[in-house]
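Colleague: If you scroll down you'll find the structure; I have some questions about it.
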Amino acid sequence: MNSSVMLVILVPKKDGTWTMCIDCRLINNIIVPHPCLNDLLDELYGSQIFCIVNLRSGYH
């Protein structure tokens with residue numbers, strides 16, 4: 001199975017409606033953790049160009 005595919009199934013609820021369940025275990029295995037702040041600062045040392053990204057409103 002492709003590692004970027006997620007299993008999606010519909011499950012009946014007690015009240016007769018349906019809910020969608022997504023199995024994200026495969027995609028979660030390929031996510032890279034965020035580096036620690038010290039590692040980021042080490043990479044930026046000596047740099048002259050910086051970029052600022054607004055993560056709070058970047059997805060709206």
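Residue 50 in the UniProt record's numbering sits at position 50 of the sequence shown, with consecutive numbering throughout. Backbone N, C-alpha and C define an ideal beta-carbon position, used for all residues, glycine too.
For ILE30, tell me which candidate among MET6, LEU37 and SER57 has the shortest Cα-Cα distance.
Modeller: Walking along the sequence shown from the start, residue 30 turns up at place 30. Closest by alpha carbon: MET6.
Colleague: PRO12 to ILE22, Cα distance in whole Å?
Modeller: Here residue 12 refers to the residue found at position 12 of the sequence shown. Here residue 22 refers to the residue found at position 22 of the sequence shown. The alpha-carbon atoms of PRO12 and ILE22 are separated by roughly 14 Å.
Colleague: Helix, strand or coil: how does DSSP classify LEU55 here?
Modeller: Reading the sequence shown from its first residue, position 55 is the one you call residue 55. The answer is coil: DSSP assigns LEU55 none of H, G, I, E or B.
Colleague: From which residue to which residue does the alpha helix (DSSP H) around ASP39 run?
Modeller: Residue numbering aside, residue 39 sits at position 39 when the sequence shown is read from its first letter. Taken as a continuous stretch (DSSP letters only), the alpha helix (DSSP H) holding ASP39 covers 37-44.
Colleague: Would you tell me roughly how many angstroms separate the C-alpha atoms of THR10 and MET20, rounded to the nearest one?
Modeller: The residue given as residue 10 occupies position 10 in the sequence shown. The residue given as residue 20 occupies position 20 in the sequence shown. First, the amino acid is wrong: residue 10 is Leu here, not Thr. So the alpha carbons of these two residues sit roughly 5 Å apart.
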